[in-house]
Every structure is written in structure tokens, then in C-alpha cells.
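Enquirer: Residue numbers (the numbering used here): 41 to 640.
I'd like to ask some things about the structure below.
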Ligand code: GTP
Ligand code: SPV
Ligand code: MN
């Protein structure tokens, strides 16, 4: 008689649909072996050791940076490639003018030829993962197949991956299929394809971040935004942070800023000394899934379990929490190295780069030592201010949503939308200077509605309509704001000190939410007067503060005209409410009216 095996069920037998899909991919890509990720600590160490042996990872100074490694990507594969990223829906209009589109059958045929035999001699890794806490009804699962151990290690840090995720998949009837192969890294043979109607992703020819860690931007934003519209929620490029005031009350805020525009930093903010008693807790630093709750509020979870954060500019002064967090068990990508094998990047006050991000002796004539989009991958559990509610299955209730961009002029430090509908227009009007997070020119202002230009899996006109519909369902909607930490003076210096000092602006917003703070109508929305902000200990002159809180009527009239032209590009699909809000703003820019505090 057979006795029960003490060994756990092999992963390959847990879910028939997953196993069948792996078999089909194996037949197409012809790997030398198949490796199912269990998700244990020992496994991560094993995979890391493999990459150290093959020379793909470099172990860093074990005393200063225990458990840390450096990965150097191919020099032509260092950022997201928006021009090679496609939404493949049956109807082109469903993808919208904001996306590259390809007909799904044509896209599948193209990708099939790229994937054919692409894993020959390589290992195929199967990574079942769960986006969101494993016990959360709001979480969603997927499986990534990749031939990159670097991608597998990143996914093991960034998501809840392995056996528990596959157990959940075995109980549910759907999962997102993400197929990735590094290919030859030839930019001519690189495509990131999304099939929202089939819940699948096919990514070929890049091993980098958002192109290859398919749980992140591909699943948790592009595919999830599509699902969210069908099901009545929102998938957004937002941080989630808990702010505890000196009375001990905590309010949660979500903020959408474009790539490399300050989400990680705001999510880990350290209060300035002149604001004693405040505490800040990170729930998430990049992606938020927001659901209308039975209580009429909006509830948010962070679908991720780790951070893939920007290194340049990170130091003890700007972000002490991040600086401390990444000193152990961290994977560094494309940083420079010091002579004593420590990672180095621009913005560190000490240390000297010896080797640049490409592994060459550092020569300043060749540009920065670390790549401007060099990043760290680390578990959220290493975050010294990780919120005790970050893993609550129902999420956290959101009091305010911020939109923001990186703009040297036009946008003031902060303004509040008149109401939800106006806030949707404010979110849609976000424009920001491009950064090194995506391939292409840096510093060019472009429209980036809700910081979702690269990530919305469908037509923006339908997306704004959905935002309006979600707001209409909320009895207690969050208040909506716009911020800009990046205003500059004529000499090009930042007018606002940013980082921890941003809490002063957040505190005003929370007071607005409580009906306790004053604002004036600046036409574009409601602004604090300089005296409405806590400026104790702030090193900003009264003139600078006035400049930060000013609305230049002429510039804004031009802005409104540009926005009108931009929105026209969405044609008939654009909700009429957006036009109505825009015309209200255009009319309001004619005068300035008072809007006193409204006590509750
Ligand atoms: P992604 O991970 O690409 O989505 O970016 P992110 O929005 O999380 O950006 P992150 O917080 O990593 O910041 C990007 C860069 O902006 C870093 O170099 C930061 O040092 C810098 N930065 C962040 N916050 C501020 C701020 O308040 N003021 C200024 N001047 N710079 C900031
Ligand atoms: C971003 O570019 O917004 C990121 C990094 O957060 S990536 O994972 O490459 O998308
Ligand atoms: Mn991001």
C-alpha cells in the first residue's frame, strides 16, 4: 500500500492550466531545463550564487554591504522602451492615441517567430506570483516565464512569488500569462506586447526593469488598468503613504508622479526637525490598486512587495530611510564601484567612483559614473518605515490623491482641485520633464496624464470617463491636489527644498481634508497663502515662497490652450465633463476669489 509522501507536491502539478502553458512555451522556446520557483530564501541565494559563478553578478564589500550584489546590464538596455511597447486590442480605438497599437494576431505571429528556439541552451524559469497580499481579495496573480535568472531574482524580491502564489492560482480560474525572453538584446528585435483582452504579455529582447519584470508595469498597470475598468476600480502609478500627525491620527495619501519624479522619496519621507511629532509610514512606492469601499471611501493596496528605486540623488540627507535600507540584501543595477568594491552613484557626498557602470575605469569625460537610471531592488520589509498596515488585505483608506510633475515653471508648489470632476481634469493635465527612466531625450516637457502616459492599457478618453465614474460612486471621495516640487529660479536652482520639507505641503492638504485650512481661488484651483503653510524653520525667503505659490495668468492661459488642443486629440470619446471643467478653469482664470476654510 502506498504511503503519503512527506514531500510537497511538485509545483508543476499544482495547476493544470499553468503546467499546460509551460509545456507549450517549452515546446516553442526549447530551453535546456525548466526551473519552477518555490520562492524560498534558500532558492534566492542559490540563484544569486549561480549568477555570481557565471560572472553576471558581482558581490559587493561584505562588511559594508552584506548580501548585496551589482548587476551591469547591456549598455543599450538600461531603461523602458516606450516606442517598442504595444497594446494589442482587437479595436485600435480601444488602445487610443496614447498607445502604440498592433493587431493581436499579427503581434502574436511576430512574437512567435522571435520566441521560437530563443531559450536553446538556457534555463526557463517559471515564476508564479501574487500582486498584493496573498490573503487579499484585491490581489491578482500571474505567472512569468523568463530565461533570465536576474529577472527571476528581481521578481522574487518585488512580488510574493513561488509556491503560495501558485496555490492561490490553483484555486482561482485566471492568471496573467507573462512570457519573457532576453533574446539577443537587439533593439531592432525588441517588443513589449500586451494583450489585455487575453490577460497576457509577451516581452522579447530586453532584460531591464519595466520591460522584463512583467509583474510590475506590464501586469500591475497596463493589464490591471484594463481589468480595473471592467470591474470598477483603479490601477495607478502611485505611491501610498501614511502620515501620522502629532495627535496620533494617521491619514493615507496616494500620489501619482511620473517616473523618476519623487514617488519613492515621498513614500519614505523623513519629517523635518521643525515638525516634531509627525511620523511617516510607507505602504507602497510605485503602484496603487484603489477600490471603492462599502463605506464610500477609496481603499488602496500596494500590489508589490519590494522597491525598484532610482539611485542617483539618494543620500543620507535626501532620503535617510532609503540610504539605510539598501545597505544589505540589495541588488544594485548599473551603479559605479569604488576601489573598495562599494556601489557609488551621483549625489553621494563621499566616496570616489573607480569603475563606471559599464565596468570601465571611471573617466568623467564619458559622462556620469553611475547610469542616471541606475536602480536598487530590495524587499519592502527592509524599509525602516514600512507601514504596519501595508499588508492589510482590505488596504488603507485614502484621504487625498496628489498628481504632480517635474516642471521648472508654470505649475505652482501646490493647488487643490475644486472637486472630483475638476480633479480628473487636473490629473489629465499633468505635464512633466522626461527622465532617464525611459529611453529617449531627457528634460523635455510632455503630457503625462495621471503619470500614466506610458502605463495606461487603454484609451485615455475611456480612462478619464472611468475615473469620473469611480468618483461618482464615492460618498466620501479623497480630495485631489496637484504639486510641483521642481519649480526653479531663473538661475536654474530649485525654489523648493523638497524631500522631507514636502511634509509641510502634505500637512496643509490634510488640514484642507479636515476643513481646517484656508485657501484662495487661483483660477486653476485652490492655493494656500504663504501664511497657510507651516514655515517654521524653513529656509525659503518670502519672495521665493510667493513665487512658488503664484499663478502666472498668461502662462496658464497658454497652458489651457495647449491642454485644449491635447484633449481634442481624443475626439468624440472624451467625456463632455472634461470640456466643461476646462471651460470653467478658462473662465476662472479671469479673476481671483476667496475660499475660506469650511469646517466640518
Ligand atoms: P520611478 O521609480 O521611476 O517611478 O520614480 P519615483 O517617482 O519613485 O522617483 P524617486 O523618488 O526615485 O526620485 C527620482 C529622483 O528625483 C531622485 O534623483 C530623487 O533624488 C529626486 N527627488 C525626489 N524627490 C525630490 C524632491 O522633493 N525635490 C527634488 N529636487 N528632487 C527630488
Ligand atoms: C518607472 O520607470 O516608472 C519605474 C521603473 O518605476 S520600471 O520598473 O523600469 O518601470
Ligand atoms: Mn514607476
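Backbone N, C-alpha and C define an ideal beta-carbon position, used for all residues, glycine too.
Computed from a prediction, not measured in an experiment: that's the story for all the values here.
If you follow the alpha helix (DSSP H) that residue 250 is part of, which residue opens it and which one closes it?
Expert: First-last of the alpha helix (DSSP H) with residue 250: 249 to 252.
Enquirer: Span of the beta strand (DSSP E) holding residue 284?
Expert: 278 to 284 is the span of the beta strand (DSSP E), which, as asked, contains residue 284.
Enquirer: Assign residue 627 to buried or exposed, taking buried as 16 or more other Cβ atoms, counted over all protein chains shown, within 10 Å of its Cβ.
Expert: Per the 10 Å Cβ criterion, exposed.
Enquirer: I'd like the span of the beta strand (DSSP E) that includes residue 620, first residue to last.
Expert: Counting along the chain, residue 620 falls outside any beta strand (DSSP E), though it belongs to the alpha helix (DSSP H) covering 616 to 628.
Enquirer: Counting by C-beta, which residues lie closer than 6 Å to a heavy atom of the ligand MN, in chain order?
Expert: Going along the chain, the residues that qualify are 277, 299 and 326.
Enquirer: What three-state label does DSSP hand residue 198 in the structure shown?
Expert: Correct three-state label for residue 198: helix.
Enquirer: Taking 7 Å as the cut-off, is the CB of residue 500 close to at least one heavy atom of the ligand SPV?
Expert: Checking the Cβ of residue 500 against the ligand SPV gives no.
Enquirer: Across which residues does DSSP place residue 473 in a beta bridge pair?
Expert: DSSP output for residue 473 lists 485 as bridge partner(s).
Enquirer: Is any heavy atom of the ligand SPV found at a distance shorter than 7 Å from the C-beta of residue 348?
Expert: Yes - the ligand SPV has a heavy atom lying nearer than 7 Å to the Cβ of residue 348.
Enquirer: So what does DSSP say about residue 640, is it helix, strand or coil?
Expert: Bear in mind that the predicted position of residue 640 carries a pLDDT of just 36, short of 50, making it unreliable; the figure below should be weighed with that in mind. Coil.
Enquirer: If you draw a straight line from the alpha carbon of residue 678 to that of residue 508, how long is it in whole angstroms?
Expert: With the chain covering 41 to 640 only, the question about residue 678 has no answer from this structure.
Enquirer: Give the single residue among 232, 460 and 83 whose Cα lies nearest to the Cα of residue 202.
Expert: For the residues 232, 460 and 83, the minimum Cα distance to residue 202 belongs to 83.
Enquirer: Taking C-alpha atoms, which residue in 350, 588 and 328 lies nearest to residue 455?
Expert: Residue 588 is the option with its Cα nearest to residue 455.
Enquirer: Per the DSSP calculation, residue 346 is bridged to which residue(s)?
Expert: For residue 346, which the question treats as bridged, DSSP gives the partners 419.
Enquirer: Verify the contact flag: residue 303, CB atom, against every heavy atom of the ligand GTP, threshold strictly below 7 Å.
Expert: Checking every heavy atom of the ligand GTP against the Cβ of residue 303, one is found closer than 7 Å.
Enquirer: In whole angstroms, what is the alpha-carbon distance linking residue 630 and residue 591?
Expert: So the two alpha carbons sit approximately 12 Å from each other.
Enquirer: Does DSSP put residue 59 in a helix, in a strand, or in coil?
Expert: Correct three-state label for residue 59: helix.
Enquirer: Label residue 326 either buried or exposed according to how many other C-beta atoms from any shown protein chain fall within 10 Å of its C-beta, with 16 as the threshold for buried.
Expert: Burial call: buried.
Enquirer: For residue 427, is the classification buried or exposed, using 16 other Cβ atoms within 10 angstroms of its Cβ as the cut-off for buried?
Expert: Residue 427 comes out buried.
Enquirer: Under three-state DSSP, which class holds residue 92?
Expert: It is helical.
Enquirer: Can you look up residue 479 in the DSSP assignment and give me helix, strand or coil?
Expert: Coil, per DSSP.
Enquirer: Starting from the N-terminal side, write out each stretch of the beta strand (DSSP E) that is 3 residues or longer and does not extend beyond the region 524 to 580.
Expert: Within the region 524 to 580, the complete beta strand (DSSP E) runs of at least 3 residues are 559 to 561.
Enquirer: Quick check on residue 46: buried or exposed, where buried means 16 or more other Cβ atoms within 10 Å of its Cβ?
Expert: Flag for residue 46 reads exposed.
Enquirer: Output needed for residue 425: all residues of its chain with C-beta closer than 7 Å, excluding positions within five of it in sequence on either side, in chain order.
Expert: Cβ neighbours of residue 425 beyond the five flanking positions: 308, 320, 321, 322 and 361.
Enquirer: Hey, how far is the Cα of residue 49 from the Cα of residue 88?
Expert: Using only the alpha carbons, I get a separation of about 25 Å.
Enquirer: So which of 63, 158 and 413 has the shortest CA-CA distance to residue 350?
Expert: The shortest C-alpha separation from residue 350 is found at 413.
Enquirer: Evaluate residue 228 with the Cβ neighbour count: other Cβ atoms within 10 Å of its Cβ, from every protein chain shown; 16 or more gives buried, anything less gives exposed.
Expert: Exposed is the call here.
Enquirer: Could you pull out every residue in the same chain whose Cβ sits closer than 8 Å to the Cβ of residue 632, ignoring the five residues on either side in sequence?
Expert: With a pLDDT of 44 at residue 632, under the threshold of 50, the modelled position of that residue is not reliable, and the figure given next carries that caveat. Same-chain partners within the cutoff: 560, 561, 562 and 563.
Enquirer: Beta-carbon of residue 427 versus every beta-carbon of chain C: anything under 8 Å?
Expert: In the displayed structure, chain C is absent; only one protein chain is listed.
Enquirer: Rounded to the nearest angstrom, what separates residue 477 and residue 305 at their Cα positions?
Expert: Taking the straight line from one Cα to the other gives about 15 Å.
Enquirer: Leaving aside the five residues before and after residue 620 along the sequence, list all residues of the same chain whose C-beta is less than 7 Å from its C-beta, in chain order.
Expert: Result list for residue 620: empty, nothing under 7 Å.
Enquirer: What I want to know is whether the C-beta of residue 353 ends up closer than 7 Å to one or more non-hydrogen atoms of the ligand GTP.
Expert: Within the cutoff, so yes.
Enquirer: Among the candidates 287, 379 and 281, whose CA atom is the shortest distance from the CA of residue 658?
Expert: Here the chain has residues from 41 to 640 only, and residue 658 is not among them.
Enquirer: Quick one: does the C-beta of residue 548 sit closer than 7 Å to a heavy atom of the ligand GTP?
Expert: Outside the cutoff, so no.
Enquirer: According to the Cβ coordinates, are residue 546 and residue 283 closer than 8 Å?
Expert: Cβ distance < 8 Å, so residue 546 and residue 283 count as in contact.
Enquirer: Going along the chain, which residues of its own chain have a beta-carbon closer than 8 Å to the beta-carbon of residue 292, five neighbours each way excluded?
Expert: Contacts found: 280, 281, 282, 283, 323, 340, 436, 437, 438 and 439.
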